[in-house]
Structures are given as structure tokens and as C-alpha cells.
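Notes to accompany the following structure.
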Amino acid sequence: MLASARQNVRAGQFSQAEMALERALRVEPRNARLWNEMAQVKYGQKDYGQTVQFCIKSNSLAGKDYALIRQNWLLMEKAYLALGEPEKAEKARSKAR
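In the working numbering, the protein residues as written are 368 to 464.
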């Protein structure tokens, strides 16, 4: 399911990617990488508020996967900038370091 979702994202088919990830999350709701993938889909759909929420969820499940946590913070930075919230973007960037 994850491979299918990634292929859909690369093709710009965010709706199909979202459906595949929703199915995957029903099977593995505590998979931090799936939540990150969903955040990326939401960013592609320009749903920046949901992007941030899914990144937060991913970080809460990421444990010691520091690369994933950093990736989430960087995606949150981009989402906050798109939302016109530069202060929050700067905080997210500083947490990614």
C-alpha cells in the first residue's frame, strides 16, 4: 500500500495516494512513517493545517527515528510558511536542527 501511495504522489495523484494511506493506517495506526506520508499528501493537496497535524502525529509515534522527526519539522516549516505563519515556521526549522 505504501509503495502504491508513493507512486501516486510522484504522479500527482494525491487523492488516490490518500485513499491508499488511509487503508494502510487502518492496518498500522501507530506507524509514524505512514503519518508522515499522509502529511506529504496533504501538503501536495495544499491542506497545510492537516499537514501540520499529521506531522505532529508522526512525531508523537516516531520514537528515536530522528531522521523522520527532522523531516516532519521541515515539512511543518513549509506548511507554516504557506499558512502565512513565519514565526511558527522559524520554530519548526529550529527544532529540525
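Even for Gly, the Cβ is constructed at its ideal location relative to N, Cα and C.
Predicted model only: the values in this text are computed from it and were never measured.
- In three-state terms, what does DSSP make of Q438? For the purposes of this step, residue 438 is taken as the residue at position 71 of the sequence shown. Q438: helix per DSSP, three-state reduction.
- Boundaries of the alpha helix (DSSP H) in which Q383 is found, first to last residue: Indexing the sequence shown from 1 puts residue 383 at position 16. F381 to V394 is the extent of the alpha helix (DSSP H) around Q383.
- Query: Contact check, G385 vs V419 under 8 Å by CB: the rounded distance?
  - Reply: Locating residue 385 in the sequence shown gives position 18, where the first residue counts as 1. Locating residue 419 in the sequence shown gives position 52, where the first residue counts as 1. For clarity, residue 385 is Glu in the given sequence; the question names Gly instead. Not confirmed; about 16 Å, so no contact.
- What is the rounded straight-line gap between the Cα of A387 and the Cα of G451? The sequence position of residue 387 within the sequence shown is 20, counting from 1. The sequence position of residue 451 within the sequence shown is 84, counting from 1. Spanning the two alpha carbons is a distance of roughly 30 Å.
- Query: What residue does the alpha helix (DSSP H) around N375 start on, and which one ends it?
  - Reply: Sequence index remark: in the sequence shown, residue 375 carries index 8 (1-based). L369 to R377 is the span of the alpha helix (DSSP H), which, as asked, contains N375.
- Task: Check each candidate in E395, R373, N426 and C422 and name the one with the smallest Cα separation from Y447.
- Result: Translated into the one-based positions of the sequence shown, residue 447 becomes position 80. Residue C422 is the option with its Cα nearest to Y447.
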